[in-house]
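Q:
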Amino acid sequence: VPERPLLDVRDAEVAYGAVTALRGISLRVDPGEVVALLGANGAGKTTTLRMISGLLPPARGSVWFDGARLAGTGSGTGLGGTGTGGGTSGHSGTSGHSGTSGNCGTSGHCGAGAWSDGTRDSPGLPVHRVAALGISHVPEGRRIFPAMTVAEDLAMGAYTDRRRAWSRAGREARREARRDVRRGLDRVHALFPRLAERDRQPAGTLSGGEQQMLAIGRALMARPRLVLLDEPSLGLAPKLVATIFEVIEEINADGVTVLLVEQNAAAALRIAHRGYVLDTGQVALAGSADELARDPRVRDAYLGSP
Ligand code: ATP
Numbered sequence: 063v064p065e066r067p068l069l070d071v072r073d074a075e076v077a078y079g080a081v082t083a084l085r086g087i088s089l090r091v092d093p094g095e096v097v098a099l100l101g102a103n104g105a106g107k108t109t110t111l112r113m114i115s116g117l118l119p120p121a122r123g124s125v126w127f128d129g130a131r132l133a134g135t136g137s138g139t140g141l142g143g144t145g146t147g148g149g150t151s152g153h154s155g156t157s158g159h160s161g162t163s164g165n166c167g168t169s170g171h172c173g174a175g176a177w178s179d180g181t182r183d184s185p186g187l188p189v190h191r192v193a194a195l196g197i198s199h200v201p202e203g204r205r206i207f208p209a210m211t212v213a214e215d216l217a218m219g220a221y222t223d224r225r226r227a228w229s230r231a232g233r234e235a236r237r238e239a240r241r242d243v244r245r246g247l248d249r250v251h252a253l254f255p256r257l258a259e260r261d262r263q264p265a266g267t268l269s270g271g272e273q274q275m276l277a278i279g280r281a282l283m284a285r286p287r288l289v290l291l292d293e294p295s296l297g298l299a300p301k302l303v304a305t306i307f308e309v310i311e312e313i314n315a316d317g318v319t320v321l322l323v324e325q326n327a328a329a330a331l332r333i334a335h336r337g338y339v340l341d342t343g344q345v346a347l348a349g350s351a352d353e354l355a356r357d358p359r360v361r362d363a364y365l366g367s368p
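Sequential numbering of the sequence shown, starting at 63, is according to the UniProt record's numbering.
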């Protein structure tokens, strides 16, 4: 019996207004894996990550995390609160249309926060609840808080729902929350000694590579089970690219599962267990990293060798 996937995306479709970006994508990430998501510009890689983290609702299909539904329709244990229950009595089960009747389809506005928490027709969990379940998203372009110090920026990453709940729960719980932040910082500093040296420096004054380290470090502060990394090596000098990939391997060795979007297909396939190649919103190829690295279509298009 195969292990239950940690992440299971089933036949998901996402549209930005009239533009359909994902045309029925299915992919899975098993616990402990590094899975690479490859593909040309505009293939839908970023959109896939944004859908998983709850920034975009799927118009069709579903997203599951550790057996629970995050978004879309389908049977099983729903986490969506009212309106997104399983196939037995929930709104989506009876109407079969909760995916297409969401805010995205009707308004055409599928940007961040396209649905509100607790809405009856909500097609999925909002971003903060997905994060609280253990998914951290490091978006492309390293969105750090430039005016904050490195230490403050990292501490922001620890503020998930879980920690907010602790902070309401009394002095001992608050103390435990602080210890938790301290342990997270120690771990991030061990991975990125450079960040420890720059603790008091405004994050906006870090180099591009250091900002990428900070963005990854901040995502790890929430102690995620799954990290979504969008182009972590983009625009970095070769030496830093190597460092970033080493860190991804180290994070994974620590037990964190990784879904990695990369233009640098060769480097991604070196550290990945498996991969998917997207093409115009569909999965064109899937296989082990070795199979993909040997595949002539991948070599031609992404590895720059015949
Ligand atoms: P890249 O490698 O260039 O970042 P990608 O594989 O991540 O590409 P996406 O960013 O997911 O691709 O985009 C998929 C498709 O959706 C593209 O055709 C893109 O133009 C379109 N798209 C993305 N964001 C929007 C938006 N906000 N509004 C309309 N269309 C969008």
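The beta carbon of each residue, even a glycine, is placed where N, CA and C say it ideally should be.
Near Val125, which residues of its chain fall below 8 Å by C-beta distance, leaving aside the five closest residues on each side in sequence?
A: Against the sequence shown, residue 125 aligns to sequence position 63. Excluding residues within five positions, the ones whose Cβ falls inside 8 Å are Leu69, Asp70, Val71, Arg72, Ala74, Met113, Ile114, Arg131, Leu132, Ala133, Gly134, Gly186.
Q: Over what stretch of residues does the alpha helix (DSSP H) that includes Ala277 continue unbroken?
A: Locating residue 277 in the sequence shown gives position 215, counting from the first residue. Looking at the DSSP string, the run of the alpha helix (DSSP H) that includes Ala277 is 270 to 283.
Q: State the Cα-Cα distance for the pair residue 375 and Val96, rounded to the nearest angstrom.
A: Not covered by the structure: residue 375. The range shown for the chain is 63 to 368.
Q: Tell me Phe127's beta-bridge partners as DSSP assigns them.
A: Position 65 of the sequence shown, counted from the start, is the residue given in the question as residue 127. Answer by DSSP bridge pairing, in chain order: Leu69, Ala130.
Q: Report yes or no: do three or more beta-carbon pairs, one from the segment 294 to 314 and one from the segment 230 to 239, lie closer than 8 Å?
A: Flag = no, the segment 294 to 314 and the segment 230 to 239 do not touch.
Q: What residue from Ala304, Leu111, Ala105 has the CA that sits closest to Leu322's CA?
A: Position 260 of the sequence shown, counted from the start, is the residue given in the question as residue 322. Nearest of Ala304, Leu111, Ala105 to Leu322, Cα basis: Leu111.
Q: Is Leu365 close to chain D, meaning its C-beta is less than 8 Å from at least one C-beta of that chain?
A: The question asks about chain D, but that chain is absent: this structure has only one protein chain.
Q: Express the C-alpha separation of Val303 and Ile310 in angstroms, rounding to a whole number.
A: For the purposes of this step, residue 310 is taken as the residue at position 248 of the sequence shown. For the purposes of this step, residue 303 is taken as the residue at position 241 of the sequence shown. Using only the alpha carbons, I get a separation of about 11 Å.
Q: Listed by chain order, which residues have C-beta atoms less than 6 Å from any heavy atom of the ligand ATP?
A: In chain order, the hits are Tyr78, Val81, Ala83, Gly101, Asn103, Gly104, Ala105, Gly106, Lys107, Thr108, Thr109.
Q: Classify Ile206 as helix, strand or coil using the three-state DSSP reduction.
A: Locating residue 206 in the sequence shown gives position 144, counting from the first residue. Of the three classes helix, strand and coil, the one that applies to Ile206 here is coil, per DSSP.
Q: Note the first and the last residue of the continuous alpha helix (DSSP H) segment covering Leu354.
A: One-based indexing of the sequence shown puts residue 354 at position 292. 351 to 356 is the extent of the alpha helix (DSSP H) around Leu354.
Q: Below 8 Å between beta carbons: does that hold for Leu291 and Gly101?
A: One-based indexing of the sequence shown puts residue 291 at position 229. One-based indexing of the sequence shown puts residue 101 at position 39. Contact: no.
Q: What does DSSP give as the partner residues of Ile197 in its beta bridges?
A: In the sequence shown, residue 197 corresponds to position 135, counting from 1. Looking at the DSSP assignment, Ile197 forms a beta bridge with Leu288.
Q: Determine which residues share a DSSP beta bridge with residue 12 and list them.
A: Only positions 63 to 368 of the chain appear in the structure, and residue 12 is not among them; the question remains open.
Q: Between Phe207 and Glu312, what straight-line distance do the alpha-carbon atoms span, to the nearest angstrom?
A: Locating residue 207 in the sequence shown gives position 145, where the first residue counts as 1. Locating residue 312 in the sequence shown gives position 250, where the first residue counts as 1. So the alpha carbons of these two residues sit roughly 25 Å apart.
Q: In the DSSP assignment, what residue or residues form a beta bridge with Glu75?
A: Against the sequence shown, residue 75 aligns to sequence position 13. In DSSP, Glu75 forms a bridge with Arg85, Arg122.
Q: DSSP state of Val243, grouped into three classes?
A: Here residue 243 refers to the residue found at position 181 when the sequence shown is read from its first residue. Val243: helix per DSSP, three-state reduction.
Q: Starting from the C-beta of Ala105, find all residues in its chain whose C-beta is less than 6 Å away, skip the five residues before and the five after it, and write them out in chain order.
A: Indexing the sequence shown from 1 puts residue 105 at position 43. Leu340, Asp341.
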